[in-house]
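Sequential numbering from 6 applies to the sequence shown in my numbering.
Accompanying notes for the structure given below.
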Amino acid sequence: MLNQSWGVELWDQFDNVSKYTDKSLQFCEKYESFLKDRCTVEDEYAKALKKLTKTYTPKLKDQEEFYNKYTFTIAFCSALKELQDLASQHELIAENIRERSVKQIQITVKECREQRKKCLDEYTKIKRQLDKQHELMIK
């Protein structure tokens, strides 16, 4: 038959919980770093696409007339416009990740670190008091 003592398996698990919360916070920081790197990649990709479209977009009036005359040139200009829109979407993705995800992770990690520190300090204080009382009992 199983031992019927309630909660004994949770006693003295503070070190395990402390390690778990620390590793969880480290993971959150690593994920934040990943998102920042992704934003950088998205921004660079958007910049490269915009540069590409700018390079191939017709600039002179006589070129514009040629590009608006034939179906294959019209299709090419349409593809350039779509590419420009795609670049804007990548910029928007990077901005949204920065504004929504990264900031929220930073706030959450900061709050969790503060809460963890309070709990560790409280544990240390209580542990000291317990040790002190234990010493007094032994004397």
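Glycine residues also receive a C-beta, built at the ideal position from the N, C-alpha and C atoms.
Remember, it's a predicted structure, so these values are computed and weren't measured experimentally.
| Which value, in whole angstroms, describes the spacing of the CA atoms of F140 and C124? | Your numbering for residue 140 matches position 135 in the sequence shown. Your numbering for residue 124 matches position 119 in the sequence shown. Going by the sequence as given, residue 140 is Glu instead of Phe. Distance between the alpha carbons of E140 and C124 is about 24 angstroms.
| said: Restricting to runs no shorter than 4 residues, where is the alpha helix (DSSP H) found entirely within the stretch 32-80? | reply: 66-72
| Does the stretch 115-132 touch the stretch 54-70, meaning 3 or more C-beta pairs lie closer than 8 angstroms? | no
| said: When you compare the CB of L141 with every CB in chain C, is at least one pair closer than 8 angstroms? | reply: Looking at the structure shown, chain C is missing, and only one protein chain is on hand.
| Do R2 and C44 have their C-beta atoms within less than 8 angstroms of each other? | Look at the range of the chain in this structure, 6 to 144, and you will see that residue 2 is not part of it.
| field | Straight-line Cα distance separating V107 from D42 | value | Translated into positions along the sequence shown, residue 42 becomes position 37. Translated into positions along the sequence shown, residue 107 becomes position 102. The straight-line gap from Cα to Cα measures roughly 11 angstroms.
| request: Please work out which residues of its chain come closer than 7 angstroms, Cβ to Cβ, to T78, disregarding the five sequence neighbours upstream and downstream, and give them in chain order. | output: Here residue 78 refers to the residue found at position 73 of the sequence shown. Within the same chain, T78 has close Cβ partners F71 and Y72.
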